[in-house]
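Asker:
Numbering (our numbering), first residue to last: 4 to 71.
1) Tell me whether residue 54 is buried or exposed, calling it buried when 16 or more other Cβ atoms sit within 10 Å of its Cβ.
2) Once the 5 residues before and after residue 35 are set aside, which same chain residues still bring their CB inside 7 Å of it?
3) Expressed to the nearest angstrom, what Euclidean distance is found between the alpha-carbon atoms of residue 27 and residue 49?
4) In angstroms, rounded to a whole number, what distance separates the CA positions of residue 31 and residue 56?
5) Hey, how far is the Cα of residue 9 from the Cα of residue 39?
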């Protein structure tokens, strides 16, 4: 029911997002349409999953993801 977003960064800045849901049941969905992000396809971060992004001066660009 929310629209996750990340503030702009500095060119070359790295951001690692990890779902640390305490209940172990809630997931976060990021889509190709998420404004300010360039993803390699849609991604659902369930507990302990991560996505790594780098800021290219305009958008956060995905460089890795891990489904844990």
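Backbone N, C-alpha and C define an ideal beta-carbon position, used for all residues, glycine too.
Answerer: The short version:
1) buried
2) 42, 44 and 45
3) 8 Å
4) 16 Å
5) 8 Å
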